[in-house]
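Only one structure is covered here, and it is reproduced in the block below.
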Amino acid sequence: MDIRTLPFDHPDSAKLIDLVQQEYVTRYGDPDVTPVDPAEFAAPQGIFLVGYRDEVPVACGGWRSHDEDDGSLRAGDAEIKRMFVVDGERGKGYARTMLAALERTASDAGCHRIVLETGLKQPEAIALYRSSGYHEIDKFGVYAQDELSVCMAKELE
1 MDIRTLPFDH PDSAKLIDLV QQEYVTRYGD PDVTPVDPAE FAAPQGIFLV GYRDEVPVAC
61 GGWRSHDEDD GSLRAGDAEI KRMFVVDGER GKGYARTMLA ALERTASDAG CHRIVLETGL
121 KQPEAIALYR SSGYHEIDKF GVYAQDELSV CMAKELE
């Protein structure tokens, strides 16, 4: 998989983001309602990555940094958003490769911890994060009171 840095609102990014939002609708009944500004995913405060196989976008993910403490979020945290692999390409290691790229770029940008929110109806995502060294933290953001939400973190080197 060839990973490229693209704007959050690039057509290939938007195509994958639409697919991940549809995945949330299928699993939970609604899309992710976390407020997201495309500018948050531009350097130096963030990044958005798209993975290609044979010039076809098959995976994506981004992170945005946080400037201040907010509940379990700490100033300097990088928050992963829109991590996704298209249905026909799952099981090939693309999610693990994308996660490693997100962690590396966040660390290179000076972030000390990476955090994320996922849900109980995404057991494969939870398994990926746990096997990659993530642990549960107090819930944050718009899902702080959501019984299906799971928030996780990993210290970066």
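Heads up, the sequence shown is in the UniProt record's numbering, so the first residue is 1 and it goes up one at a time. Quick reminder that beta carbons are idealized off the backbone N, C-alpha and C, glycines included. Treat the numbers as computed from the prediction; the structure is a model and nothing was measured.
(1) Check each candidate in Gly110, Met83 and Gly88 and name the one with the smallest Cα separation from Arg129.
(2) Would you mind giving the Cβ-Cβ distance between Leu49 and Ile80, rounded to the nearest angstrom? I have them listed as a contact below 8 Å.
(3) Report yes if the CB atom of Glu117 is closer than 8 Å to the CB atom of Leu156, and no otherwise.
(4) Decide yes or no for the touch test of the region 88-105 against the region 27-39: beta carbon pairs closer than 8 Å, at least 3 of them.
(5) Do the CB positions of Gly119 and Tyr28 come within less than 8 Å of each other?
(6) CB-CB under 8 Å to Ala109, same chain, minus the five flanking residues each way: which ones, in chain order?
Quick answer:
(1) Contrary to the premise, residue 129 reads as Tyr rather than Arg in this sequence. The residue with the shortest Cα to Cα distance from Tyr129 is Met83.
(2) Not quite, the Cβ-Cβ distance comes to about 11 Å (not below 8 Å), so this is no contact.
(3) No, these two residues do not count as a Cβ contact at 8 Å.
(4) Result no; under three Cβ-Cβ pairs closer than 8 Å.
(5) Yes.
(6) Apart from the 5 residues on each side of it in sequence, Ala109 sits with its Cβ closer than 8 Å to the Cβ of Ala43, Pro44, Ile47, Ser65 and Ala78 in its chain, given in chain order.
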